[in-house]
Structures are given as C-alpha cells and as structure tokens.
Amino acid sequence: MSEYLIKNGFVFDPTQKLKGDQADVAIKDGKIVDKVANPKVIDAKGMTVMAGALEVHAHVAGPKVNIGRIYRPEDKLFTFRPTEGSHHMEGGFSIPTTYKTGYAYARLGYTTVMEAAMPPLFARHVHEEIRDTPIIDEGAFPVFGNNWFVLEYIKNKELENTAAYIAWLLRVTKGFAVKVVNPGGTEAWGWGLNCLQIKDPVPYFDVTPEEIVKGLIEANEHLGLPHSMHIHGNNLGNPGNYTTTLDTLKLASGYKAKNKFGREQVMHHTHIQFHSYGGTKWADFESKARPVADYVNKHKNITIDVGFVTLDETTTMTADGPFEHHLTELNHLKWANADVELETAAGVVPYIYSPDVFVSGIQWAVGLEIALLSKDPMRCYITTDHPNAGPFTRYPRIMKWLMSQKARDEQIKAFKASDKVVAQSEIANIDRELTLYEIAQMTRAGPAKCLGLSGIYGGLKPGLDADVAVYDFNPEKEHKPMEIEDAFSEVKYLWKTGVPIIMDRKFVSEGKKRTLWVDAKVADNPQVMRDVKEKFVKYYTVTEKNYEVTGKHFIPNPYAIEVDATH
Amino acid sequence: MNTVTLTSKAKPELFLEADNITPDIFAGKTNEQIAALTLYEGSAKHPLGEYYDVSGSAGPTAAETRIVIKGDATRLKYVGMKMTGGEISIEGNADMYVGAWMKGGKIQVKGSVDAFAGTGMTGGEISIDGDAGNYLGAAYRGDWRGMRGGVIRVKGNAGSDLGYFMNGGTIVVGGNADVHVGTHAEGNGKIIIKGNAKSKVGGQMVGGEIYIFGDLEVPMPTFEYRKDVELEVDGTKAKFALFEGDTAERHPKRKGETVFGKIYMKY
Chain A
241 MSEYLIKNGF VFDPTQKLKG DQADVAIKDG KIVDKVANPK VIDAKGMTVM
291 AGALEVHAHV AGPKVNIGRI YRPEDKLFTF RPTEGSHHME GGFSIPTTYK
341 TGYAYARLGY TTVMEAAMPP LFARHVHEEI RDTPIIDEGA FPVFGNNWFV
391 LEYIKNKELE NTAAYIAWLL RVTKGFAVKV VNPGGTEAWG WGLNCLQIKD
441 PVPYFDVTPE EIVKGLIEAN EHLGLPHSMH IHGNNLGNPG NYTTTLDTLK
491 LASGYKAKNK FGREQVMHHT HIQFHSYGGT KWADFESKAR PVADYVNKHK
541 NITIDVGFVT LDETTTMTAD GPFEHHLTEL NHLKWANADV ELETAAGVVP
591 YIYSPDVFVS GIQWAVGLEI ALLSKDPMRC YITTDHPNAG PFTRYPRIMK
641 WLMSQKARDE QIKAFKASDK VVAQSEIANI DRELTLYEIA QMTRAGPAKC
691 LGLSGIYGGL KPGLDADVAV YDFNPEKEHK PMEIEDAFSE VKYLWKTGVP
741 IIMDRKFVSE GKKRTLWVDA KVADNPQVMR DVKEKFVKYY TVTEKNYEVT
791 GKHFIPNPYA IEVDATH
Chain B
35 MNTVTLTSKA KPELFLEADN ITPDIFAGKT NEQIAALTLY EGSAKHPLGE
85 YYDVSGSAGP TAAETRIVIK GDATRLKYVG MKMTGGEISI EGNADMYVGA
135 WMKGGKIQVK GSVDAFAGTG MTGGEISIDG DAGNYLGAAY RGDWRGMRGG
185 VIRVKGNAGS DLGYFMNGGT IVVGGNADVH VGTHAEGNGK IIIKGNAKSK
235 VGGQMVGGEI YIFGDLEVPM PTFEYRKDVE LEVDGTKAKF ALFEGDTAER
285 HPKRKGETVF GKIYMKY
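Sequence lines, in order, name chains A and B.
Note that the first sequence covers residues 241 to 807 in our numbering.
Note that the second sequence covers residues 35 to 301 in our numbering.
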C-alpha cells in the first residue's frame, strides 16, 4: 500500500505556516499530496506531526569517524544492543556503528543527514559507510579549504579554474557542497604551524584564510551550487576567538547568493558555539555569544548551526589537525592524527564535557545563548557538530533546554561552579522559550532552505518528499521539561519518501536510502584537467583511476542535483 | 547475610557472559527468578539454570547477599561485574573480567583467574588464592580509566600488564609479575610485588607507586635513583631504594613539586 493519511495531528510546518493546527497529512507514491483515495489511516490525534528533520552538519561516515571507532572500543562497551531478527546490532555512543547511526537518526525523526567533512582522497570510504547507513538520505561535503589546487588557483585569482576544479571534485567524489575547515591552518599544520587569524599567511602558498574564504564564496556562487560555502573558521575553541569569528563572518559582506534553489546565504558558519568565546585564557574564559548572534541577526546572507555542548563524554574529530593536537595537550587523552596528501588532515581526541568543569558549563551556555539570541530560526540550526560537542542522540535534550527556562535553571544549579558559569555567561538572564514552530524552522524548513533542498525536504507541502515524523506529544498540554525530552527521543511513526519506517515505535523497514550529490556542469577547462593529471602523476600516491567514486558498489542509489554552470 | 549457592551441572560449549551473577542482581529475587537470568553463550541467550542449580536464598539487598559458585566456573566471564556490595565466593577457577568495574563488596576466588580481573574497579576487595592472568586491575581495551580504588590480593603470580592505567587502589601480588607493570599509571595507586618482576616496570608512568621485594630483571633507563628509605610495606619493614620516573613522560606539578611515579626496590 502506498497511500497513507495521518489524521488529526497537531501539524508544525513552517513551509505552510502551520503552527500546531490540527490537520491531515496525505502521502501517495512517496510524495505529500492533497488527497488520497484509499489510504491506510493513522490516527495522530493528540500528537505532534512534523516533516522529517535535516541534519546540516555531523561527522557520521568516513576515515576519521572510523579512527574513532577503532581506537575507542570503550565507547561501545556498555552501549550495545544485540541483533534482533532483521534489525542489525547497534553499538557506540559518540561514534555509533553505521547501522546505529541510521536507526538512531530515524528514531529522532531525522531523515536527511549531511556528513560534514569528506577528505576527497577517502571519498570511497565515506561512500561505503554512507551506503551501510540505513534509512536516511545522505550527502557529504568534500573539504576544500586546504587543498593545493584551490590554494594555487586562489593565489593566482583564477576564479573560473577554482570553480571548474570544484565541479570536477564534486563529480569524482560524489560530493554535495564546498566545505572549508580552518582555511589554510590545516595545510600550515603540515609545517607544524597554524593560521589562527584570517590574515595569517599559509606557508609556501602565501595566501591567507581571508583570500581562501572569499575565493571559495565567489566560486560557489559562480557555479550556483545548492548549498553555500560551509565554513569551520580559524581559531576554533580558544578563549577570545570571537573576534576571529566576526572577522570571518565579515568576509561574506557584499556577496549575494546566486542559485536556482531558493538559498539566500553565501556563507554557512558551522558549530559557531566553538567560535564565540571571550577572555584571554581559561581562567577568564567567558561567553561572547551576543556579539556573534547580533552580527548574524543583522546579516541575511549568513546562516549558522550551533554545535551545542551536551555535557557528555564524547569523541572530538575534525579536519582541523592543529586544534586536535592542542586539545590532547590539554586533556592528555589519546590522540590520532592523519595527513591526507594534497588535501587535508584530521585529528581525533576523546573529550569529557564535565558539569564539574566551569569551562564546559560556559560552553554549554554559549550554545544555548546563540540559539536563544538568534532572531531568525530559519537561519540558525540545531547541531552538536556530532560527535564534537556531543552525540546527535542528545537533540531531544537540547530541545528541552531551548523550550524550557526551568530545564536550563535546573542544569545551571547542577554545575559545580554554578556561580562562575552564571557570572561569565548570560544564560541565566535569558527567559526566551522556543516554540515547536521555531524548532521546526531550526530543524526542518531552515536547514532544507540553507542546503538548497527546500524543493524536496523540510516541509509537508504537497509535492515535497513524504518524510513525516509523528511524536507522541500533545502541544496543547502543560509539560514538565523531562516530558519534552522523552517525547522527542523516539518517534511514534516515521515515513521516509513515503515508506513506513517506524510504526508504533517499531522498525518495519530500512527504506531505500539515497546518496545526494551535486552534478555541476561547467565549460571544458583544459587547464584544470591538465593540472589534475599533473598532480596525480607528481604527488598523489594513487592514480586518477583509483580516485573516482563511481558505480553501484559505492553508490547503489544516487540522487544527483543538477546545476548548469556552463555560462 | 543470606547465601545463594550455584552448583555447576553442565559445562557450556563456549564461554558464558555472566555479568548477571552479582549480589546486586540476585538481591530480592527468588531462586526461580535467579535461574531465569540470562547468560550469553556466544550470541545465544541461555537461562542461568541451564548450567547451574540454584539453592539457598538471596538477601533483600546486595550487601546482605552472598553468592557461592561450586564446581566449574572456568568458562564464566564477568562474575561480579559492577557489584556494589555483598560477597561472591568462587570455589574453583574463573575466566576473564572477574569483579570488573566493581564498586564494593568482596570476591574470593579459591583457584586462579584469567585476564582483566578488577578492570576499572573503584572499590571493594578481590582475593585470589591462585594466579591472576594478564591485565589485572587494568583498564578496558582503549580506556584510560584503570583501577581507581579498592584492593586486589593475589597469592600466586600475576601476568603481564598488571595495573595498566591504574589510577588508585592497591594490588598486592604474593608471587612474581610478568612484563609491563603500572604502564601509564597516574594518581595514587599502589602495586606491591613480593616476588620478582621482569621488565618495563613503570613505563610511561606519570604517578603512583610500585614496590618490588624480589629482583627486577631489566629496569627502565628512564627512572632515576633518588635515595634510600625505611618503610613498612604490607606488614614488612625494610630498606628500599627509591627511583622516580618515567622521565620520558609528562609530569604534573602539585604544590610546586613535580609529581613522579615511584618505584621502591627492597634491599
């Protein structure tokens, strides 16, 4: 049966301005439709109905996630669920198995997920893991901010070549967007250095993070890609780094989005919580969420995701190699580091955000302040930079904190250095409580628009894909904070592209997941193709033929978003 | 204190994961309920009663419950895992992870145990009359939180990697220890070896103490002799040579003084 009618639920859908109105949602042949003739009816009376949520930034597939899995067997120790019938074994807390990743996102009502950092050389590995992650549609962002081709083209101010290289790399890696991690800094790490400020030159290449970011914004808009340049800025995690963040955000000024997908931003700044710190050292560490949120509020060509600290033991992993080295020097826990030839690097370090440590408490406050001070929930999204600030499975807990001042006050009281957290942040003075409509903007309509996917996902308008989540939560009743967390921890019903996945809290199917990628067509560019050939011959340890991601083995069910940039 | 006796009646083909055999889980249960508890044999679930007869009775709380395992326990893993109180007496040998992550209570093993006994334990007492396998009082694979409290006493010998990542508590080995003792130890754990030790004692040790009564075959070159001290260690008064290290490792400062790992060699 491919017709369903979800009756009488409280529907929250920003794409239709539905703010908990009682309405029916009809599904036919994978799409939301106006009417159905002979549907299976699901009674959603007294329940909350939303579109499937979208994850804009998580590390869920690929070599650095696997380094985490391999070198942290203790993460699976007591978080293990054995196989039951056709339901695969699930394991891991901060670095779940691929199967658990798919199941756990589905349980939360998430149906589309973006892997935030794909090293192009290991794109095949990333896609194999994506393939093995059930249910959810996924895309992956190849990293460009420290790539030798990009550094050279930008140094020489060759916009068309940068764009042609991006189009080529997206095609061969089956990538979705232009990701930038610590622009220039990760390449500098290869020399034992870093770029902490946007004007610090990259060794040898002699370009600055500022030039890299602007060059990639220009190339991104030249191509008209669905998503914007997606940046993890310089100077992550350090006291006083908010000025670097403001400098980075200012690089977007003067640029306007050019694309056919309805996207309005030219810069997406990710996990901005890690970039909004004041103070000069750990002792006087403080929140600078307000100046950052104010700047973002005033500039419509910027979107952000937060990277909420969830106060858990987790595994940090990033292409920001120098930062991970800095972190292992701080906490003395095990450190893994990898260099990816001409392209990027990565580091992995376990981390405990302890409520007994005041820095963790302030980081927790900074994340919530960013979200609560943001005026436009369509431009500010819920993430934990999974698993860096905490595992994505904590999203319901973050919702609880965002929706209930009481829940926040309880957590503030539970901090060992509660006074210091209150004094060095402003979380205790914020009384805003987000509504479910705003949550739907931050997790559905907003991310879909930011990714250029609002024609497919993020709403319940007829014509969109039928990704629908039903939660056992009556928004008209009063709720204790914990009831919010509990209700959104597990959907009662979930459809993915019209296929029932979870019915009455039981998995009934693993769906037919798709891999999203962007096929950008550009005019022939012999110079870039010659440069590619030359770099493979001279520097890469693999040949060009062993580089491309192609065929059913890697991508059994591709979903290409086409862009024509032959102009 | 009430006693539940488990008497072996069938030997499993594979090893059994017996993390359900603890005073905490037995407390307040009837013998039928105890016999119905799950033991994993490989990936298959089996009731405890399939391998053991249950007699006696459990107390209302963990602290009032004593478990005696009679007959074969050589294929039982994780006995006493995470227990907080009460007692377990194993009359023969047991397999790996005896008393892993235990917080309180007592475990007495009349035979020997395999590897990882007392992994990550934070309190309580484990006494082993026979030998202990490798990784006694150590951390789980990959983890940096080894033994943090409590006492482990072994009458016989201990295997390799004794006290790996040990951060607290005391381990006393009556016999000899194999290679790698107190690797990565930090904090204030104490390892006492009454027999001989082989090599790599205190490798990458940040803090803690190791006492060796017998010979040390190959000392680490990164430990430095400091001075001779008169001490009473586990009932023995003697003169010891104090070495500090591992000087190749980082060392934190406490009250202005650098903290080192200490190895005491008995004269």
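Glycine included, each C-beta is placed from N, C-alpha and C at the ideal position.
Residue i vs residue j beta-carbon contact at 7 Å
{"i": "A:T413", "j": "A:A363", "result": "yes"}
{"i": "A:P617", "j": "A:Q681", "result": "yes"}
{"i": "A:P359", "j": "A:E583", "result": "yes"}
{"i": "B:N182", "j": "B:T156", "result": "It should be pointed out that residue 182 of chain B corresponds to Arg in this sequence rather than to Asn. Yes, the pair counts as a contact, with Cβ atoms nearer than the cut-off."}
{"i": "A:G415", "j": "A:A380", "result": "yes"}
{"i": "B:G236", "j": "B:G279", "result": "yes"}
{"i": "A:V420", "j": "A:L456", "result": "yes"}
{"i": "A:W856", "j": "A:A727", "result": "The question about residue 856 of chain A has no answer here: the residues shown for chain A are numbered 241 through 807."}
{"i": "A:N474", "j": "A:L433", "result": "no"}
{"i": "A:G692", "j": "A:P382", "result": "no"}
{"i": "B:H214", "j": "B:Q238", "result": "no"}
{"i": "B:M200", "j": "B:G167", "result": "no"}
{"i": "A:V661", "j": "A:G601", "result": "yes"}
Residue i, enclosing alpha helix (DSSP H) - first and last residue
{"i": "A:F205", "result": "Outside the shown range of chain A (241 to 807) lies residue 205 of chain A, about which nothing can therefore be said."}
{"i": "B:W135", "result": "Element bounds for B:W135: n/a, residue is neither H nor E."}
{"i": "A:L676", "result": "676-680"}
{"i": "A:N401", "result": "399-413"}
{"i": "B:K189", "result": "Counting along the chain, B:K189 falls outside any alpha helix (DSSP H), and DSSP gives it neither H nor E."}
{"i": "B:G152", "result": "Here B:G152 belongs to no alpha helix (DSSP H), and DSSP marks it neither H nor E."}
{"i": "A:S600", "result": "598-613"}
{"i": "A:P735", "result": "Rather than Pro, the amino acid found at residue 735 of chain A in this sequence is Trp. Careful: A:W735 lies outside any alpha helix (DSSP H), inside the beta strand (DSSP E) at 733-736."}
{"i": "A:W757", "result": "First-last for A:W757: 755-762, but that is the beta strand (DSSP E), not the alpha helix (DSSP H)."}
Secondary structure of residue i, DSSP reduced to three states
{"i": "A:C690", "result": "helix"}
{"i": "A:K259", "result": "strand"}
{"i": "B:Q142", "result": "strand"}
{"i": "A:F389", "result": "helix"}
{"i": "B:I244", "result": "strand"}
{"i": "A:H539", "result": "coil"}
{"i": "B:R288", "result": "strand"}
{"i": "B:M254", "result": "coil"}
{"i": "B:G180", "result": "coil"}
{"i": "A:H327", "result": "strand"}
{"i": "A:L582", "result": "coil"}
{"i": "A:D253", "result": "strand"}
{"i": "A:A298", "result": "strand"}
{"i": "A:H566", "result": "helix"}
{"i": "A:P466", "result": "coil"}
{"i": "A:N248", "result": "strand"}
{"i": "A:Y697", "result": "coil"}
Residue-level contact to chain B via CB, residue i, 7 Å cutoff
{"i": "A:E609", "result": "no"}
{"i": "A:P313", "result": "yes"}
Proximity test, Cβ basis, 7 Å: residue i and chain A
{"i": "B:D280", "result": "no"}
{"i": "B:G176", "result": "yes"}
Delimiting residues of the beta strand (DSSP E) encompassing residue i
{"i": "B:A78", "result": "78-81"}
{"i": "B:V235", "result": "Element bounds for B:V235: n/a, residue is neither H nor E."}
{"i": "A:D221", "result": "Here chain A comprises residues numbered 241 to 807, so residue 221 of chain A is not present and cannot be evaluated."}
{"i": "A:I272", "result": "271-273"}
{"i": "A:M507", "result": "507-509"}
* Within the chosen definition, does the region 95-102 of chain B reach the region 789-806 of chain A through at least 3 CB pairs nearer than 8 Å? -> no
* **Any 3 or more C-beta pairs closer than 8 Å across the region 764-784 of chain A and the region 741-753 of chain A** => no
* Three or more C-beta pairs closer than 8 Å, one from the region 577-584 of chain A and one from the region 497-508 of chain A: is that the case here? -> Because the criterion of three Cβ pairs below 8 Å is not met, the region 577-584 of chain A and the region 497-508 of chain A do not touch.
* **Any 3 or more C-beta pairs closer than 8 Å across the region 287-302 of chain A and the region 693-710 of chain A** => yes
* For the 8 Å Cβ check, are there 3 or more pairs between the region 245-257 of chain B and the region 222-234 of chain B? -> yes
* Should the region 635-648 of chain A be called in touch with the region 703-718 of chain A, which here means at least 3 C-beta pairs below 8 Å? -> no
* **Three or more C-beta pairs below 8 Å linking the region 269-282 of chain A and the region 302-321 of chain A** => no
* Just checking, does the region 300-308 of chain A make contact with the region 564-572 of chain A on the three C-beta pairs under 8 Å criterion? -> no
* How do the region 519-533 of chain A and the region 439-453 of chain A stand: do at least 3 beta-carbon pairs fall below 8 Å, yes or no? -> no
* At least three beta-carbon pairs within less than 8 Å, the region 511-524 of chain A to the region 483-502 of chain A -> yes
* Taking contact to mean at least 3 C-beta pairs separated by less than 8 Å, is the region 423-430 of chain A in contact with the region 370-380 of chain A? -> no
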